[in-house]
Amino acid sequence: MMTDRIRSFLETRRPEGPCLIVDLDVVRDNYMTFRNAMPDTRIFYAVKANPAPEILALLASLGSSFDTASVQEIEMALNAGASPDRISFGNTIKKERDIEKAFAYGIDLFAVDSVEEVQKVARAAPGARVFCRILTDGEGAEWPLSRKFGCVPAMAVDVLLHARDLGLKAYGISFHVGSQQTRMGAWRTALTEAADIFRTLAEQGIQLSMVNLGGGFPTRYVKDVPAVEAYAGTIRTALLEAFGNRLPETIIEPGRGMVGNAGVVKAEVVLISRKSEDDDKRWVFLDIGKFGGLAETMDESIRYPIRTARDGDAMEDCVIAGPTCDSADVLYEKTPYPLPLSLTVGDEIFIESCGAYTTTYASVAFNGFPPLASYVI
Ligand SMILES: *Cc1c(COP(=O)(O)O)cnc(C)c1O
């Protein structure tokens, strides 16, 4: 959302070119909202959503832990002040030498979803704690992650038995219900499956400790979303239903929900044109597109709120596209986007809720365009 601090930064600094401005006060508020809504749950911020050093340092100082996917992200979290016991290596696809490096840094919590990955962890991080990720269908998520990560529950049992047999600590179950998950019930199905795995393994002498509830908490784009407190309530009920009074330790890994609404992209209109004299839609080309940080407009999945200084004027549906010479670089066409008729080349536009998955998705120099600049204030 546009905050007073972001507005005044833009007015006084007048940064050139497309850029993201992140307001740390909003990140702090989001962190406190998660902490207050889920006081018994540890928060592992998903670093990939926005790894700006200022964000990581703020969250580290507030007591957050970190979910990382590479040695580089582990180093970023360590540099931000997190101790190794506050860092998980949550990627299920790791090079064995990266597991070794992480273990040497003191990281002791690893995600797996296959026997093959367990074997790597057992060799490279002997005795470490592992949790097994289970598949979810991603239904209800605007940015689903299904299929690539996780295994079916029956296989998770085998994976964790294998981990125990190889000297690892079979620690828990994780899942990710899909990013920007607007169906709060999505956690219930996965928690029921997790509890079944806990029971099956208990019969085999393994007492799991932890359920990792993943990310998926939404941020507000064009449409309203339920509050974190509503998610917390639904999850708590589902936990009690699935586990009774033997509640496991829980963690969450919010990415989008932690930083999404904290950032605004400032961009500029480069061209407004039509494809024929009787074309009923104008094409509005911006100096930012899919390769400049707005990759999540792929399949028009994420619909960002766009503001201009002319929003009181009459509006007309437009096609919105980026500046590169790639035909995939169209943001909204199937569902056209209303913009003011008076919009003019050179106008600034403000794309809200861009704090998550923008800088990390920007390409380095496609067509010579620099990666998305970022200011954290
Ligand atoms: C990306 C990711 C997250 C963050 O997901 P959001 O939907 O942005 O909250 C959490 N956990 C894992 C393992 C991830 O890969």
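Be aware that the sequence shown starts at 1, since it is given in the working numbering, and climbs by one per residue. Each residue gets a CB set at the ideal place from its N, CA and C atoms; glycine is no exception.
Enumerate in chain order the residues of its own chain whose CB-to-CB distance from residue i is below 6 Å, with the five nearest sequence positions on each side excluded.
{"i": "Ala-60", "result": "Ala-80, Gly-81, Ala-82"}
{"i": "Thr-33", "result": "Val-228"}
{"i": "Asp-287", "result": "Pro-18, Ala-267, Glu-268, Val-270, Pro-323"}
{"i": "Ala-295", "result": "Tyr-361"}
{"i": "Glu-316", "result": "Leu-341"}
{"i": "Tyr-337", "result": "Cys-318, Ile-320"}
{"i": "Met-258", "result": "Asn-30, Tyr-45"}
Which residues in the same chain as residue i place their Cβ atom closer than 7 Å to its Cβ, once the five residues preceding and following it in sequence are excluded?
{"i": "Met-184", "result": "Pro-226, Ala-230, Tyr-231, Thr-234"}
{"i": "Ala-141", "result": "Val-177, Gly-178, Ser-179, Gln-180, Gln-181, Gly-216"}
{"i": "Gly-381", "result": "The structure shown does not extend to residue 381, since the chain is modelled only from 1 through 377, so no value can be given for it."}
{"i": "Met-160", "result": "According to the sequence displayed, residue 160 carries Leu and not Met. Counting only Cβ-Cβ distances below 7 Å, and skipping sequence neighbours, we find Cys-132, Ala-170, Leu-201, Ile-206."}
{"i": "Thr-92", "result": "Ala-111, Val-112, Asp-113, Glu-117, Arg-133, Phe-149"}
Any chance the CB of residue i is under 7 Å from a heavy atom of ligand 1?
{"i": "Gly-216", "result": "yes"}
{"i": "Arg-7", "result": "no"}
{"i": "Glu-253", "result": "yes"}
{"i": "Gly-289", "result": "no"}
{"i": "Lys-275", "result": "no"}
{"i": "Lys-48", "result": "yes"}
{"i": "His-162", "result": "no"}
{"i": "Ser-374", "result": "no"}
{"i": "Arg-256", "result": "yes"}
{"i": "Ala-321", "result": "no"}
{"i": "Ala-190", "result": "no"}
{"i": "Ser-301", "result": "no"}
{"i": "Ser-83", "result": "no"}
{"i": "Asp-137", "result": "no"}
{"i": "Ala-194", "result": "no"}
{"i": "Gly-312", "result": "no"}
{"i": "Ala-356", "result": "yes"}
{"i": "Ser-114", "result": "no"}
{"i": "Asp-98", "result": "no"}
{"i": "Lys-179", "result": "It should be pointed out that residue 179 corresponds to Ser in this sequence rather than to Lys. It does: the Cβ of Ser-179 is within 7 Å (strictly closer) of some heavy atom of ligand 1."}
{"i": "Gly-90", "result": "yes"}
{"i": "Asp-224", "result": "no"}
{"i": "Asp-67", "result": "yes"}
Taking the alpha-carbon of residue i as reference, which of the options has the nearest alpha-carbon?
{"i": "Asn-50", "options": "Ala-267, Gly-293, Leu-62", "result": "Gly-293"}
{"i": "Lys-266", "options": "Ala-309, Arg-246, Glu-253", "result": "Ala-309"}
{"i": "Val-121", "options": "Pro-340, Arg-97, Asp-326, Pro-336", "result": "Arg-97"}
{"i": "Asn-245", "options": "Ala-195, Tyr-221, Gly-263, Lys-275", "result": "Ala-195"}
{"i": "Val-157", "options": "Leu-24, Arg-123, Val-112, Asp-313", "result": "Val-112"}
{"i": "Leu-168", "options": "Asn-91, Ala-295, Gly-127", "result": "Gly-127"}
{"i": "Lys-290", "options": "Pro-323, Trp-283, Cys-132", "result": "Pro-323"}
{"i": "Glu-378", "options": "Glu-241, Pro-218, Tyr-171", "result": "The requested residue 378 does not occur in the structure, where the chain is confined to residues 1 to 377."}
{"i": "Cys-318", "options": "Met-298, Asp-224, Thr-335, Val-345", "result": "Thr-335"}
{"i": "Gly-172", "options": "Ala-186, Thr-250, Val-115, Val-222", "result": "Thr-250"}
{"i": "Asp-108", "options": "Glu-116, Gln-119, Gly-90, Val-376", "result": "Gly-90"}
{"i": "Asp-40", "options": "Val-376, Pro-248, Lys-95", "result": "Pro-248"}
{"i": "Asn-36", "options": "Glu-11, Leu-62, Ser-146, Arg-13", "result": "Leu-62"}
{"i": "Ala-238", "options": "Leu-208, Ile-272, Trp-283, Arg-188", "result": "Arg-188"}
{"i": "Val-211", "options": "Gln-204, Val-222, Arg-236, Ala-52", "result": "Arg-236"}
{"i": "Ala-104", "options": "Glu-117, Ser-114, Ala-314, Ala-125", "result": "Ala-125"}
{"i": "Phe-285", "options": "Ala-163, Ser-363, Ile-272", "result": "Ile-272"}
{"i": "Glu-117", "options": "Leu-166, Ser-146, Asp-279", "result": "Leu-166"}
{"i": "Lys-94", "options": "Leu-78, Ser-88, Val-115, Ser-70", "result": "Ser-70"}
{"i": "Asn-367", "options": "Tyr-357, Gly-355, Ser-327", "result": "Ser-327"}
{"i": "Leu-339", "options": "Arg-13, Ala-373, Gly-312", "result": "Gly-312"}
{"i": "Gly-214", "options": "Leu-135, Val-27, Arg-28, Ile-74", "result": "Leu-135"}
Can you tell me whether residue i is helix, strand or coil according to DSSP?
{"i": "Val-47", "result": "helix"}
{"i": "Asn-91", "result": "coil"}
{"i": "Val-319", "result": "strand"}
{"i": "Asn-367", "result": "helix"}
{"i": "Ser-65", "result": "strand"}
{"i": "Val-259", "result": "helix"}
{"i": "Met-2", "result": "coil"}
{"i": "Lys-266", "result": "strand"}
{"i": "Tyr-171", "result": "strand"}
{"i": "Asn-245", "result": "coil"}
{"i": "Met-210", "result": "strand"}
{"i": "Arg-307", "result": "strand"}
{"i": "Pro-53", "result": "helix"}
{"i": "Ala-141", "result": "strand"}
{"i": "Phe-103", "result": "helix"}
{"i": "Ser-342", "result": "coil"}
{"i": "Thr-41", "result": "strand"}
{"i": "Ala-111", "result": "strand"}
{"i": "Phe-291", "result": "helix"}
State yes or no: is the C-beta of residue i nearer than 7 Å to some heavy atom of ligand 3?
{"i": "Ser-64", "result": "The model on display carries ligand 1 but not ligand 3."}
Kindly list the residues whose CB is nearer than 8 Å to the CB of residue i, restricted to its own chain and excluding five residues on each side of it in sequence; keep chain order.
{"i": "Ala-365", "result": "Pro-371"}
{"i": "Leu-24", "result": "Glu-54, Ile-55, Leu-58, Ala-262, Val-376, Ile-377"}
Subject >> Stretch pair the stretch 339 to 359 + the stretch 303 to 317: three plus CB contacts closer than 8 Å >> reply: yes
Subject >> Segment contact flag, the stretch 1 to 16 with the stretch 323 to 342, C-beta cutoff 8 Å, min 3 pairs >> reply: no
**OP:** Answer yes if the stretch 62 to 81 comes into contact with the stretch 35 to 47, meaning at least three C-beta pairs across the two stretches below 8 Å, and no otherwise.
**Re:** yes
Subject >> Segment contact flag, the stretch 27 to 44 with the stretch 10 to 18, C-beta cutoff 8 Å, min 3 pairs >> reply: no
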